[in-house]
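A.B. asks: The structure follows.
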Amino acid sequence: MSGPHEGGARSDFLVLAAGAWLAASPYLLSLQNTAVLDGARIVDMVIGGIYILLALASLLMLKRTRGHRDHSPQAPRDRG
522 MSGPHEGGAR SDFLVLAAGA WLAASPYLLS LQNTAVLDGA RIVDMVIGGI YILLALASLL
582 MLKRTRGHRD HSPQAPRDRG
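Throughout, the working numbering is defined as the position within the sequence shown, counted from one, plus 521.
See below:
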């Protein structure tokens with residue numbers, strides 16, 4: 522069984538990949554039309570960049586949470 526944060530890293534990587542695709546797709550899908558820079562391309566790049574930044578921040582926080590949890594002492598258990 523996976524831990525409670527296992528899905529968090531997977532979803533963060535998925536958001537990271539989606540953001541990278543959103544930012545790169547205007548260039549990858551319309552290579553023949555690179556002279557035209559319209560508003561949709563700019564919006565795609567900005568939103569993709571926001572997704573990438575949020576995913577990286579979430580992964581960093583998840584890593585710090587795991588590191589903090591690994592170094593904290595375990596609570597004593599009742600032996601009663």
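Idealized CB from N, CA, C, for every residue including glycine.
Can you tell me whether DSSP reads S546 as helix, strand or coil?
C.D. replies: Three-state DSSP puts S546 in a helix.
A.B. asks: If you pair each beta-carbon of the stretch 529-547 with each one of the stretch 569-581, do three or more pairs fall below 8 Å?
C.D. replies: yes
A.B. asks: In angstroms with no decimal places, state the Cα-to-Cα distance between R587 and V564.
C.D. replies: 34 Å
A.B. asks: What does the alpha-carbon distance come out to for the pair P547 and L537?
C.D. replies: 17 Å
A.B. asks: Straight-line CA distance for M522 to A561?
C.D. replies: Unreliable placement is indicated for M522, whose pLDDT of 42 sits below 50; the coordinate value is still reported in the next sentence. The straight-line gap from Cα to Cα measures roughly 43 Å.
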